[in-house]
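Novice: So that we are looking at the same thing, I have put the structure below in structure tokens.
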Amino acid sequence: MEKSKLKELKLKAFDLRKTVVEMIVKSGGGHIGGDFSVMETLVELYFDQMNISPENKDDKDRDLFVMSKGHSVESYYAVLAAKGFFDEKELINSFSRFGSKFIGHPNNEIDGVEMNSGSLGHGLPVSVGMALACKMDDRKNRVYVVMGDGELAEGSVWEGFMAAGHYGLSNLCAVVDKNNLQISGSTDDVMNHKNLKAQIESFGWNVMEADGNDIEAMHDAFEKAKEVKDKPSCIIANTIKGFGGGEVMENIYSWHHHVPNEDEYKEIMKNIDARREAIINE
Ligand SMILES: Cc1ncc(C[n+]2csc(CCOP(=O)(O)OP(=O)(O)O)c2C)c(N)n1
Ligand SMILES: [Mg+2]
1062 MEKSKLKELK LKAFDLRKTV VEMIVKSGGG HIGGDFSVME TLVELYFDQM
1112 NISPENKDDK DRDLFVMSKG HSVESYYAVL AAKGFFDEKE LINSFSRFGS
1162 KFIGHPNNEI DGVEMNSGSL GHGLPVSVGM ALACKMDDRK NRVYVVMGDG
1212 ELAEGSVWEG FMAAGHYGLS NLCAVVDKNN LQISGSTDDV MNHKNLKAQI
1262 ESFGWNVMEA DGNDIEAMHD AFEKAKEVKD KPSCIIANTI KGFGGGEVME
1312 NIYSWHHHVP NEDEYKEIMK NIDARREAII NE
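Residue numbering for the sequence shown follows my numbering, starting at 1062 and increasing by one per position.
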């Protein structure tokens, strides 16, 4: 990727974290930890990888995206707004408010959203159906799905892995946002997947690991996935829950769903600005 574009995307990921904070503080609720861990994945997908925009949103050959960890709706919507699907101010001012179409989980009545989600474990199976249908129609598009690592405790995820491997869905790319935490503690305590790469590979997938908070690393992994022509690909994106918010929130499970108070708000914004400065001066 060109250096100038890389810089632009890195900055965008931090600018959009600020949008997420505003949405959550204004609405009084939101899943900020997982929003921050997955941001680089979403920015790389929407601003570099995927053939999707408000102009081609109904085109049959568009790339398809499923946000299976639907509780990270704030980062998903911030990215869709930045992509021009809807107005960012309207999003910030009405998110999760009574009567708003921007309810607290992805709603497919909204432009750009392919699938309702929030109940974990459904995104991969549905994406398998999408990818299989596209393959049967000989389409050249791709299907992307983002899951959480806690989400992998759902049995339906493993049925999805199994079916995608069986059908050799090379047009399907899954990302696991592996931040090692879920709602109530560490994923290792709740349901460990110590051999995650080998487990997914055993279902007939090409599996790669990458630093999920590094746009360039995710770019390289997505590019490699496109080269694989006989099996689906999965990127295990190693991330930090709360990444970019600084010590006050990084790697702390209680930030799974937490509204920053005034001091925390200032601290998080300061830390995001420091990251932005560092990127600008790179
Ligand atoms: C079927 C189902 N069970 C339980 C929940 C409640 N829940 C919401 S988020 C979450 C933890 C998810 O953890 P993870 O997938 O690791 O997400 P992340 O760390 O990226 O936020 C749980 C259990 C749910 N949304 N759906
Ligand atoms: Mg997690």
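Glycine included, C-beta positions come from ideal geometry on N, C-alpha and C.
#1: Taking the alpha carbon of Val1236 as the reference point, which residue from Ile1171, Val1218, Cys1195 has its own alpha carbon closest?
#2: By DSSP, does Met1208 sit in helix, in strand, or in coil?
#3: In three-state terms, what does DSSP make of Phe1126?
#4: Kindly examine ligand 1 and report whether one of its heavy atoms sits closer than 6 Å to the Cβ of Ser1129.
#5: Quick check on DSSP: helix, strand or coil for Met1100?
#6: Check each candidate in Asn1169, His1132, Gly1173, Gly1165 and name the one with the smallest Cα separation from Gly1145.
#7: Is Asp1238 close to ligand 1? I mean its beta-carbon at under 6 Å from any heavy atom of the ligand.
#8: Less than 6 Å between C-beta atoms, sequence neighbours within five positions excluded: which residues of the same chain meet that for Ile1296?
#9: Around the C-beta of Asp1334, are 16 or more other C-beta atoms found within 10 angstroms, so that it is buried, or is it exposed?
#10: Going by DSSP in three states, Asn1154 sits in which element: helix, strand or coil?
#11: How would you write the range of the alpha helix (DSSP H) that Leu1242 sits in, first residue to last?
#12: Identify the continuous beta strand (DSSP E) that holds Ala1298 and give its terminal residues.
#13: Going by C-alpha distance, which of Ser1065, Lys1130, Asn1274, Lys1073 is nearest Phe1304?
#14: Do Asp1291 and Gly1229 have their C-beta atoms within less than 7 Å of each other?
#15: Should Ile1244 be counted as a contact of ligand 1 given a C-beta to heavy atom distance under 6 Å?
#16: When you measure from the CB of Asp1210 to every non-hydrogen atom of ligand 2, does any distance come out below 6 Å?
#17: Measure from the alpha carbon of Lys1068 to the alpha carbon of each residue in Ser1263, Asn1332, Pro1321, Glu1277, then state which is nearest.
#18: Taking the alpha-carbon positions, what's the Glu1135 to Gly1091 distance?
#19: Distance check for Val1187 and Leu1152, CA to CA, integer angstroms please.
#20: Between the C-alpha atoms of Asn1202 and Asn1117, what's the straight-line distance to the nearest angstrom?
#21: When every heavy atom of ligand 1 is checked, does at least one fall within less than 6 Å of the C-beta of Ser1178?
#22: Please classify Asp1272: does DSSP put it in a helix, a strand, or coil?
Specialist: Let's see:
#1: Translated into positions along the sequence shown, residue 1236 becomes position 175. Selected option, being the one with the closest Cα: Val1218.
#2: As a position in the sequence shown, residue 1208 is number 147, starting the count at 1. In this structure, Met1208 counts as strand in the three-state DSSP scheme.
#3: In the sequence shown, the residue the question calls residue 1126 occupies position 65. Strand.
#4: As a first step, residue 1129 is located in the sequence shown; it is residue number 68 there, counting from the start. No, ligand 1 has no heavy atom inside 6 Å of this Cβ.
#5: By one-based count along the sequence shown, residue 1100 stands at place 39. Correct three-state label for Met1100: helix.
#6: Residue numbering aside, residue 1145 sits at position 84 when the sequence shown is read from its first letter. Ranking the options by Cα distance to Gly1145, first place goes to Gly1173.
#7: Mapped onto the sequence shown, residue 1238 falls at position 177. Result yes, Cβ under 6 Å from ligand 1.
#8: Looking up residue 1296 in the sequence shown gives position 235. So the list reads Val1236, Met1269, Ala1271, Ala1282, once near-sequence residues are dropped.
#9: In the sequence shown, residue 1334 corresponds to position 273, counting from 1. Exposed, by the Cβ-count rule.
#10: In the sequence shown, the residue the question calls residue 1154 occupies position 93. Residue state, collapsed to three classes: helix.
#11: Here the question's residue 1242 lines up with position 181 in the sequence shown. First-last for Leu1242: undefined, no H or E at that position.
#12: One-based indexing of the sequence shown puts residue 1298 at position 237. In the DSSP assignment, Ala1298 falls within the beta strand (DSSP E) that extends over 1294-1299.
#13: As a position in the sequence shown, residue 1304 is number 243, starting the count at 1. Here the closest residue by C-alpha is Asn1274.
#14: Translated into positions along the sequence shown, residue 1291 becomes position 230. Translated into positions along the sequence shown, residue 1229 becomes position 168. Yes, the pair counts as a contact, with Cβ atoms nearer than the cut-off.
#15: Position 183 of the sequence shown, counting from 1, holds the residue named residue 1244. Result yes, Cβ under 6 Å from ligand 1.
#16: Taking the first residue of the sequence shown as position 1, residue 1210 is located at position 149. Indeed, a heavy atom of ligand 2 lies less than 6 Å from the Cβ.
#17: Within the sequence shown, residue 1068 is the residue found at index 7, counting from 1. That would be Glu1277, whose Cα lies nearest to the Cα of Lys1068.
#18: Here residue 1135 corresponds to residue number 74 of the sequence shown, with the count starting at 1. Here residue 1091 corresponds to residue number 30 of the sequence shown, with the count starting at 1. If I take the Cα positions, the gap works out to 7 Å.
#19: The residue labelled residue 1152 in the question sits at position 91 within the sequence shown. The residue labelled residue 1187 in the question sits at position 126 within the sequence shown. Those two C-alpha atoms are separated by around 27 Å.
#20: The sequence position of residue 1202 within the sequence shown is 141, counting from 1. The sequence position of residue 1117 within the sequence shown is 56, counting from 1. Looking at the two C-alpha atoms, the distance is approximately 12 Å.
#21: Position 117 of the sequence shown holds residue 1178. Flag unset: Cβ of Ser1178 not near ligand 1.
#22: Residue 1272 sits at position 211 when you count from the first residue of the sequence shown. Three-state DSSP puts Asp1272 in a strand.
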